[in-house]
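Shown next, in structure tokens, is the structure this report addresses.
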Amino acid sequence: KVFTVYHAELPGHLYMSFCMMHLLILTFHMISFPGCFVSLDSILKSWNTRYIALGDGRSLCLECMESAIMDTGDCQPLYHSIRDYYEGMHMRIDQQIPMLLVQRDALNEAIVGEKNGFHHMPETRGLCLSEEQTVTTILRRPRIGGHRLVGIRTQPQKLTRRCEVTAILVLYGLPRLLTGAILAHELMHGWLRLKGYRNLSPDVEEGICQVLSYMWLESEVMPGFRSVPSTSTASSSSSSHSSSKKGRTSEVEKKLGEFFLHQIAHDASPAYGGGFRAANAAVNKYGLRRTLDHIRFTGSFPI
1 KVFTVYHAEL PGHLYMSFCM MHLLILTFHM ISFPGCFVSL DSILKSWNTR
51 YIALGDGRSL CLECMESAIM DTGDCQPLYH SIRDYYEGMH MRIDQQIPML
101 LVQRDALNEA IVGEKNGFHH MPETRGLCLS EEQTVTTILR RPRIGGHRLV
151 GIRTQPQKLT RRCEVTAILV LYGLPRLLTG AILAHELMHG WLRLKGYRNL
201 SPDVEEGICQ VLSYMWLESE VMPGFRSVPS TSTASSSSSS HSSSKKGRTS
251 EVEKKLGEFF LHQIAHDASP AYGGGFRAAN AAVNKYGLRR TLDHIRFTGS
301 FPI
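Sequential numbering from 1 applies to the sequence shown in full-length UniProt numbering.
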């Protein structure tokens, strides 16, 4: 069966056939050229790509496997570079918050265990934990066996609450920029809790968290755009992922980053999309610091 796609959003069942990078390239192409009809099957055949099943409904091609972040240790340089990014904006996070890469089942179980879980996205890819839990983390990236991943090494880890934030969890197997965008978002949840921001409405909290995610992505895709620190050098020099490679891969990653920026800016949900647009308008008009101060005292964005 040949699926002809002409909408900006792909049908959910097609997600199973393509790895994320190829899906996003296709979707970004359709957003940029809305009159271009694309036959997904013909493109898939032209790529002649072998796909590896992650075991949770997602698949990765071999090229994407090389650039995806697959275990907790693999993600630490990126995590610390984003903490440095926060510090560069005078938003230092003093507490050592554990960051764990997890499988989908472990992430879903952690969501169930959270009392403060009232505005998660339908497809949750990250979580800022505030409760004590035992979470199964990925210690070693799996290897390829046939058309699936084998040899994945996991370990239960008891997370003890020493402050308002217990840990940050992120779904494994995502591209570097998407992983970083999720980390930047979840770190902002952590920063808000640690700084005493309480009882924020979903659109305000998720909106300002999406702004930080957006700003970090801008610093990676368009360094210097908002005159905020870029983590491109730190993350690529300490990682073997796609950003450290030359030529086509780095250009693909840039296109991915542009897609993620578009996705944040045009999200249709009230909390994440509407919240982002209101928060971004406030930050563009008043600056991040004044916007955060206004949120602290009023629980809303300055107009």
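Quick reminder that beta carbons are idealized off the backbone N, C-alpha and C, glycines included.
- Judged by DSSP in its simplified three-state form, I295 adopts helix.
- C-alpha of F259 to C-alpha of I182: approximately 14 angstroms in a straight line.
- Between Y85 and S213, the gap from beta carbon to beta carbon reaches 9 angstroms or more.
- A residue is called buried when at least 16 other Cβ atoms come within 10 angstroms of its Cβ; G287 does not meet this threshold and is exposed.
- The alpha-carbon separation between K158 and T134 amounts to approximately 4 angstroms.
- Close CB contacts of E186 within its chain, under the 6 angstroms cut and outside five residues either way in sequence, are with G126, C128, I168 (chain order).
- In this structure A271 is buried. Its beta-carbon is surrounded by 16 or more other beta-carbon atoms within 10 angstroms.
- A distance below 8 angstroms between beta-carbons, with the five flanking residues on each side excluded, links T160 to the following residues of its chain, in chain order: E132, T166.
- Here the region 263-277 makes no contact with the region 54-74; the two share fewer than three CB pairs at distances below 8 angstroms.
- Around the CB of V170, 16 or more other CB atoms lie within 10 Å, so the residue is classed as buried.
- If you draw a straight line from the Cα of E206 to the Cα of A53, it is about 31 angstroms long.
- Residue range 275-286 is occupied by the alpha helix (DSSP H) that includes K285.
- For S81, the enclosing alpha helix (DSSP H) has its first and last residue at 72-88.
- Residue range 153-159 is occupied by the beta strand (DSSP E) that includes P156.
- At least 9 angstroms separates the beta-carbon of S130 from that of E109.
- Counting the other CB atoms within 10 Å of its CB gives A268 a total below 16, which places it among the exposed residues.
- The criterion of a C-beta distance shorter than 9 angstroms is satisfied by G275 and P202.
- Between the alpha carbons of R153 and A184 lies a gap of roughly 26 angstroms.
- A distance below 9 angstroms separates the beta carbons of L194 and E164.
- For R296, the CB contacts under 7 angstroms within the same chain, skipping 5 residues up- and downstream, are Y197 in chain order.
- In this structure, the alpha-carbon of T179 lies about 8 angstroms from that of I69.
- Going by DSSP, I52 is part of the beta strand (DSSP E) stretching over 51-53.
- Closest by C-alpha distance to W191, out of D71, E87, C75, is E87.
- The C-alpha of R83 is placed about 10 angstroms away from the C-alpha of P77.
- Where I168 is concerned, the enclosing beta strand (DSSP E) starts and stops at 167-171.
- Per DSSP, G190 lies in no beta strand (DSSP E) segment; the continuous alpha helix (DSSP H) that holds it begins and ends at 176-194.
- In the DSSP assignment, M99 falls within the unbroken beta strand (DSSP E) covering 99-102.
- Each residue's CA atom was taken as its position, placing R104 and I138 some 11 angstroms apart.
- Taking L292 as the centre and dropping the five residues before and after it, the same chain places the C-beta of I208 closer than 8 angstroms to its C-beta, in chain order.
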